[in-house]
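Trainee:
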Amino acid sequence: MTAPLDVPGSAAEAQPESVLAGAGKDIQGRSLTRIAWMRLRRDKVALGGGVVVVLLILVAIFSGPIISVFGHDPLEFHQEAIDQSTLLPQGSFGNMGSEYLLGVEPVNGRDIFSRIVAGAWISLLIGFLATLVSVVIGTVLGVVAGYFGGWVDQVIGRIMDVFLAFPLLVFAIALAGVVPDKGFGLEGNGLRIAMLIFIIGFFSWPSIGRIVRGQTLSLREREFVDAARSLGARHGYILFREVLPNLLAPILVYATLLIPTNILFEASLSFLGVGINPPTPTWGGMLSEAVRFYTLPHFVLFPGLAIFITVLAFNLFGDGLRDAFDPRAH
Amino acid sequence: MLTYIIRRLIGALAMLIVVSMVTFGIFFVVPQWAGATPEALASRYVGRAATPETVHLVAERLGFYDPVVVQYGRFVKGIFTGAQYDYGAGVEQCPAPCFGYSFISGQPVWPDLVDRMPVTFSLAIGAAILWVLGGVAIGVLSALRRGSFFDRLSMGTALAGVSLPIFFTGMVSLVIFSYGLGWTPPGGAYTPLAENPALWAYDLLLPWITLAFLFAATYARLTRAGMLETMGEDYIRTARAKGLKEREVIVKHGLRAALTPILTLFGIDFGLLIGGAVLTETTYTLPGLGQYAILAIRNQDLPQVMGVVLVAALFVVVASLVVDLLYAVVDPRVRLS
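Written out as structure tokens, the structure reads:
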């Protein structure tokens with residue numbers, strides 16, 4: 001998979017022997033990955049998104065230390081920050097200041113900054129792992145459908161159609177609502193996180209599956225696959241060593257674009273009260289609590305902005321990545 | 001053409017059967033992981049005061065001890081021919097589209113669903129008109145003026161639009177336009193169309209706009225991408241070369257081809273939406289199917305959950321079918337093959 005060579009004027013007239021001897025050193029084949037990387041580096045918007053994504057991941061990983069330095073325990077009540085007669089935060093802007101960076105919640109006075117940072121961990125954890133689940137299912141089924149074709153392709157294609165026809169959100173809500181509080185050696189929110197990862201991942205694989213199938217369909221007609229086949233390679237070898245490496249770029253691109261969708265999915269479920277159980281902080285859960293206190297802009301705005309910035313950053317980066325890998329763009 | 005229609009009809013029917021089987025299977029199996037025994041299900045109908053013997057009897061009469069397949073068969077039969085429910089206190093007749101009785105209210109599920117359909121349908125249809133017209137128009141203009149200020153502004157807004165959760169935009173719009181400025185009614189207002197069309201539109205205006213904004217963003221992006229691709233095709237040059245007006249080239253040749261993937265997406269989106277606009281209805285507290293689904297889940301009311309999921313799936317399948325048939329009109333290749 002090399003792109004057309006950048007041939008500087010003199011190289012074309014060079015003697016074959018000298019080329020073989022390495023005289024034409026300025027002829028360089030560039031791999032698609034390198035071209036994509038060069039394009040991406042020029043795309044300021046996508047890079048900006050990428051930087052924000054990296055920052056968010058760092059915040060999520062180091063959420064514990066960040067909270068202990070800049071905030072209070074996300075579950076701790078701070079009655080001293082609450083006006084006891086109205087149950088609203090004291091002072092202006094929801095008691096925002098050096099003590100509480102983004103103010104406190106009404107009634108129980110929990111630190112909003114800490115809750116948002118702690119929520120980042122859950123959002124990204126579910127966003128990434130759910131995407132991993134859909135990438136694994138989608139890639140395996142997509143490759144198998146595209147490579148073997150025939151009735152296998154028909155069956156998998158139908159399964160994808162059925163998944164697309166499912167009223168996803170309603171179904172996920174219903175499923176998340178009836179799942180028990182204990183099971184598979186997990187309980188409480190550990191189980192709920194695992195369950196959300198599974199439900200979200202399990203319902204969003206067809207989008208990846210379709211793309212992988214389409215790419216595999218064209219890859220399997222390529223000469224190197226023919227060559228491997230005529231050398232007697234087994235199906236497993238061809239799938240994993242010949243086809244799959246060429247699928248990494250599209251899988252990476254669409255996985256990046258699936259992460260924000262899955263983060264929104266988790267936020268929606270938590271907003272509806274069937275995601276992570278309170279008091280564990282999630283952005284969606286914070287927004288559903290904020291519904292009753294719409295007069296406090298900071299309480300609505302900060303979790304909403306957290307979702308918006310995260311999803312936007314992933315979308316910008318994913319869009320840039322897709323354009324960088326797309327030979328038709330530019 | 002006729003074989004195409006018949007093939008699609010059979011496909012849709014098969015899809016419905018599979019979806020109903022999977023739905024029934026999952027909502028039959030998952031509660032049992034949660035420890036729901038047939039007796040526990042039956043006791044939801046007879047109340048807490050009943051003796052274990054009564055509960056056992058009712059569970060037996062309702063067929064909760066039968067294998068899944070038998071119960072599924074009975075469920076499907078109920079949908080087509082109605083069913084009789086024997087609670088021990090007497091036999092109740094559940095008329096034709098019978099989705100069973102609610103655990104909580106003891107009422108049949110189907111009439112509840114029918115009551116709530118107009119709300120969700122009103123919400124979906126108004127928003128759909130706004131987002132299709134708005135999204136496609138913006139997408140076409142952006143593609144034609146690629147790289148212009150308008151293009152960048154609208155695509156930037158569209159990207160922000162797809163990144164904003166509807167419950168956030170909904171809440172902010174309520175705070176600003178309803179509680180702050182007082183232009184629109186607060187959440188929860190709904191007037192049936194037949195009662196007062198003006199009030200109907202007034203009550204739904206804010207939900208329509210919020211919902212349309214979200215979808216218009218996706219449609220604008222998709223239309224723009226599609227138009228950029230089709231406008232570079234050879235047949236566009238041919239159309240221009242034979243002297244067609246630019247407007248005709250854009251609309252009849254460019255947009256028509258770019259519209260196909262949008263139509264597919266619209267079928268799925270609209271079907272999903274009329275099956276329950278859960279987030280929008282929750283944000284604006286509209287009494288539609290989505291809100292019904294949420295209430296059913298909170299109450300762990302299994303028959304209601306099953307009913308609303310199946311109806312939602314039915315809408316998606318029917319909407320996709322309609323879109324497939326529309327293809328025959330839009331795309332000449334389908335018609336001729």
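Chains C and W, in that order, are what the protein sequence lines are. All letters in the first sequence, in the order written, are residues 1 to 330 by this note's numbering. All letters in the second sequence, in the order written, are residues 1 to 337 by this note's numbering. We put the beta carbon where it would ideally sit given N, CA and C, even for glycine.
#1: Roughly how many angstroms separate the alpha carbons of C/LEU231 and C/ILE238, rounded to a whole number?
#2: Please report how far the alpha carbon of C/ILE193 lies from the alpha carbon of C/ILE126, in whole angstroms.
#3: Could you run through the stretch 22-33 of chain W and flag, in chain order, every residue whose CB is less than 8 angstroms away from some CB of chain C?
#4: Tell me the DSSP secondary structure of W/ALA92 in three-state form.
#5: Establish whether the CB of W/TYR179 and some CB of chain C are separated by less than 9 angstroms.
#6: Along the alpha helix (DSSP H) that carries C/ILE137, what are the first and last residues, could you check?
#7: What are the residues in the stretch 290-304 of chain W lying within 9 angstroms of chain C by C-beta distance?
#8: How many whole angstroms separate the CB atoms of W/VAL329 and W/GLY267, which I take to be in contact at a CB cut-off of 8 angstroms?
#9: Going along the stretch 95-109 of chain W in order, which residues come within less than 8 angstroms of chain C, judged by CB to CB distance?
#10: Using only CA atoms, which one of C/ASN277, C/LEU175, C/GLY285 and C/LEU312 lies nearest to W/LEU302?
#11: Using a Cβ-Cβ cut-off of less than 8 angstroms, list which residues of the stretch 202-232 of chain C approach chain W; keep chain order.
#12: Can you check which of these residues, C/LEU102, C/GLY71 and C/LEU247, is closest to C/GLY146 by C-alpha distance?
#13: Kindly list the residues whose CB is nearer than 7 angstroms to the CB of C/GLY9, restricted to its own chain and excluding five residues on each side of it in sequence; keep chain order.
#14: Which residues bound the alpha helix (DSSP H) around W/ILE274?
#15: Looking at C/ASP326: is its Cβ nearer than 9 angstroms to the Cβ of C/ASP43?
#16: At least one CB of chain W closer than 9 angstroms to the CB of C/THR2: is that the case?
#17: Count the C-beta pairs between the stretch 273-289 of chain W and the stretch 202-209 of chain W that are closer than 8 angstroms, then say yes if the count reaches three, no if not.
#18: Are the Cβ atoms of C/PRO89 and C/LEU296 separated by less than 9 angstroms?
#19: I need the boundaries of the alpha helix (DSSP H) containing W/TRP338, first residue and last residue.
#20: Would a check of beta-carbon distances place W/ILE6 closer than 9 angstroms to chain C?
#21: Count the other C-beta atoms from every protein chain shown that fall within 10 angstroms of the C-beta of W/TYR179, then say buried if there are 16 or more, exposed otherwise.
#22: Give, in chain order, every residue of the stretch 165-196 of chain W whose Cβ lies closer than 8 angstroms to some Cβ of chain C.
#23: Quick one: using the 10 Å Cβ neighbour count with 16 as the cut-off for buried, is C/ARG41 buried or exposed?
#24: Note down the Cα distance separating W/ILE5 from C/ALA60, rounded to an integer number of angstroms.
#25: According to DSSP, is W/TYR292 helix, strand or coil?
#26: Under three-state DSSP, which class holds C/PRO279?
#27: Among C/ALA120, C/TYR254, C/ARG222 and C/ILE200, which has the Cα closest to the Cα of C/THR280?
#28: In whole angstroms, what is the alpha-carbon distance linking C/LEU169 and W/VAL278?
#29: Looking at the secondary structure, which residues open and close the alpha helix (DSSP H) in which W/THR77 lies?
#30: Step through the CB atoms of chain C and report whether any lies within less than 9 angstroms of the CB of W/THR282.
#31: Is any beta-carbon of chain C found at less than 9 angstroms from that of W/LEU159?
#32: State yes or no: is the C-beta of W/VAL76 nearer than 8 angstroms to some heavy atom of the ligand ZN?
#33: For W/GLN304, collect the residues of the same chain with a Cβ closer than 6 angstroms to its Cβ; drop the 5 residues on either side in sequence, then sort them by chain order.
#34: Please state whether DSSP places W/GLN84 in a helix, a strand or coil.
#35: Starting from the Cα of W/ASP115, find the closest Cα among W/ILE250, W/GLN291, W/PHE24 and W/ALA241 and give me that residue.
#36: Inspect the CB distances between the stretch 241-259 of chain C and the stretch 136-146 of chain C and report whether three or more fall short of 8 angstroms.
Mentor: Considering the structure as presented:
#1: 11 angstroms
#2: 7 angstroms
#3: VAL22, THR23, ILE26, PHE27, VAL30, PRO31 and TRP33
#4: Residue identity differs from the one stated: residue 92 of chain W is Glu in this sequence, not Ala. Residue state, collapsed to three classes: strand.
#5: yes
#6: 112-148
#7: GLY290, ALA293, ILE294, ALA296, ILE297, ARG298, GLN300 and LEU302
#8: Their Cβ separation, rounded to whole angstroms, is 14 angstroms, which puts W/VAL329 and W/GLY267 out of contact at 8 angstroms.
#9: none
#10: C/LEU175
#11: none
#12: C/LEU247
#13: Low confidence applies here, because C/GLY9 scores a pLDDT of 48, under 50, leaving its location unreliable; read the following figure in that light. So the list is empty, once near-sequence residues are dropped.
#14: 256-274
#15: no
#16: Note that C/THR2 scores a pLDDT of 48, beneath 50, so its modelled location is shaky; the value from the coordinates is reported in the next line. False, the Cβ-Cβ gap to chain W never drops below 9 angstroms.
#17: yes
#18: yes
#19: Residue numbering for chain W in the displayed model covers 1 to 337; residue 338 of chain W lies beyond these limits and cannot be assessed.
#20: no
#21: exposed
#22: PRO165, PHE167, PHE168, MET171, VAL172, LEU174, VAL175 and TYR179
#23: exposed
#24: 52 angstroms
#25: helix
#26: coil
#27: C/ALA120
#28: 8 angstroms
#29: It should be noted that the sequence gives Lys, not Thr, for residue 77 of chain W. Residues 68-81.
#30: yes
#31: yes
#32: The ligand ZN is not part of this structure, which contains no ligands at all.
#33: SER102, VAL109 and ALA296
#34: strand
#35: W/GLN291
#36: yes
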